[in-house]
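Just add 1 to wherever you are in the sequence shown, counting from 1, and you've got my numbering.
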Amino acid sequence: MKYLRHLFRMSRLVYRERGWMGLLRRMRQFLLDSLGIFPAIFGGDVLYISGCPGGSRLYRCTNQSEMLEQHGIRSNVISQNVPFLPFLISRYDIFILQRVIHNEYIDDVIKKIQEQGKLIFFETDDLVFDPQYLSFMHFYYYMGDEEKKWYENGIGREILENPYVAHCIVSTDFLSDILTKKYPGKFIFVSQNVLSKNQVATAEKVFLQKEFYRPSDKKIRIGYFSGSKSHDKDFQVVADTLLSFLKENENVMLSIVGPLHLSYKFDVVQKQIERHPFVSMKDLYGLIARVDINIAPLEIDNMFCQGKSAIKFFEAGLLSVPTIASRTTSFARVIKNEENGFLASCDDDWKKYLDKLLNDAVAREKIGEQARRDVLKHFVTTTKNDEAFLLVLFIQSWLKKNRYSEMI
């Protein structure tokens, strides 16, 4: 009954805020999510319960689940909104709650997990669990009233503050440090984002036909892949430098994929700008293959940006495209400056590295190839990662101990 009330309340909110089309899109997503219950019915060791669809669910649930499977840990992924979620509790031993929105329905699910003495992990890949950081989240201002309330409360804050939930998983060291300071009693594991076997296979097909995707105009393309409406301020980090290079080099193009508001200053170089809409992961690699240089600017002094992972380096690296990224903690961890990519701390860095890559085709090829080797060696689900392995060992140990206690 609580589930039906929750469903009705959410439908009413979506309709009021986004109209019939918004409600129909949400209903479509709900139906797709509900299909996930069928493979989950068969049970396993770990159940990922996700409150955030899209790229976040892909990297934090689907790909992490695949990584666990490599170590013999059976897992499934399901949306928090599917019906009959309480009936799955008896079929799993560990539950990882990824960016789950707390409500009456989820509260009942958590209580049932507690009653059965099973393990719960709080999981996040962004600095969204503590509302004191709202001022750093520029995307907050693009949200509707429904989403704003979630973030003003803190995504999953009630779960995190539940004394029973003693274990957390995060995607970056920075998020681990923030959680440790605020909740010193929690056991926190860092399991960074990795690419799935399917992502690697899809990118490999594109890589082997890379010349097919390349435009025939021989121009040099700088790619910016925004992913969401929230990156306008991040782009401003490099906007003036890019504009200068475009004005000075008619042979240089700026390829923008996804939503981004460009300043009127770019009107003078409009012919050198390509726009592409947001695309699925399947189509993304073809667009990455079109560019010569990938840029990943972030506001270094923004705490939300410091919590982001280095996905853009991984995705471009699969296609041997060199990346220039802001020197955040996550990018600095995976990019060896001037070896497999470039780290920019200031305007002068952006100018120096863009100038080098725009004028040195050999450097573009050399850096891109090293990035590809490093990504395939260290950042896919099939390769061993020391920090993630600690999580794997803990889960294996807990499962063994729990099942042994059940036997006696």
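Think of the CB as a built atom: it goes at the ideal place given N, C-alpha and C, for glycine as much as any other residue.
Nearest-angstrom Cβ-Cβ length linking residue i and residue j, presumed shorter than 8 Å
i, j, result
"Q99", "G52", "7 Å"
"V195", "F380", "5 Å"
"S80", "L48", "No, S80 and L48 are not in contact; Cβ-Cβ is about 11 Å, not under 8 Å."
"H277", "V292", "Actually they are not in contact, since the Cβ atoms of H277 and V292 sit about 11 Å apart, beyond 8 Å."
"F314", "F332", "6 Å"
When the options are compared against residue i, the one with the closest alpha-carbon
i, options, result
"E159", "V258, V171, N104", "N104"
"F137", "G318, R365, Q307, I396", "Q307"
"G44", "C62, T330, D387, F88", "F88"
"W351", "S177, F246, Q200, D178", "F246"
"R328", "F314, L319, L344", "L344"
"A167", "G318, Y184, G55", "Y184"
"M282", "D218, P323, K385, N199", "N199"
"I301", "V269, C347, V280", "C347"
"T63", "T382, E388, N403", "T382"
"A290", "L319, V238, K367", "L319"
"F123", "K113, R61, G55", "R61"
"S197", "R404, S66, I50, P54", "S66"
"D108", "M144, Y141, L161", "L161"
"T203", "T324, F85, L288", "L288"
"A240", "K219, S217, Y265", "Y265"
Same chain, Cβ closer than 7 Å to residue i, neighbours up to 5 away in sequence not counted
i, result
"H232", "L261"
"I409", "Low local confidence applies: a pLDDT of 48 at I409 is under 50, so the model's placement there is unreliable, with the coordinate-based value given in what follows. If we look at I409 and ignore the five residues flanking it on each side, it has no Cβ neighbours."
"L263", "none"
"S177", "V171, I189, V191"
"A41", "L48, N77, I79, L89"
"K113", "P87, I90"
Any non-hydrogen atom of the ligand SAM within 8 Å of residue i CB
i, result
"S327", "This structure does not include the ligand SAM; it has no bound ligands of any sort."
Short Cβ contact (9 Å threshold) for residue i with residue j
i, j, result
"L120", "I95", "yes"
"D131", "S57", "no"
"R365", "I294", "yes"
"V201", "L69", "no"
"G155", "V129", "yes"
"I296", "I223", "yes"
"I274", "L299", "no"
"L244", "F213", "no"
"I221", "L59", "no"
"M304", "Y134", "yes"
"D387", "V335", "no"
"Q117", "A389", "no"
Close beta carbons around residue i, own chain, < 8 Å, minus the five adjacent residues each side
i, result
"L1", "Residue 1 lies beyond the range of the chain shown here (2 to 409); nothing can be said about it."
"T330", "T173, D174, F175, Q307"
"Y354", "I325, F343, A345"
"L391", "F190"
Residue i versus residue j: straight-line alpha-carbon distance, rounded
i, j, result
"K337", "S91", "46 Å"
"F395", "N252", "54 Å"
"E286", "P164", "According to the sequence as given, residue 286 is Tyr; it is not Glu. In a straight line, the C-alpha of Y286 is about 43 Å away from that of P164."
"T242", "E339", "19 Å"
"I312", "K248", "30 Å"
"K149", "T181", "26 Å"
"H72", "Q397", "9 Å"
"V393", "I97", "13 Å"
"V110", "V78", "16 Å"
"Q271", "K385", "45 Å"
"D349", "N250", "18 Å"
"S310", "A326", "11 Å"
"H139", "D235", "10 Å"
"V238", "A362", "25 Å"
"V280", "Y225", "13 Å"
"G228", "A317", "14 Å"
"K206", "Y106", "43 Å"
"G186", "G157", "17 Å"
Close-in-space but distant-in-sequence residues of the same chain around residue i (CB under 6 Å, 5 per side omitted)
i, result
"S321", "G369, E370, R373"
"F208", "L320"
"G55", "none"
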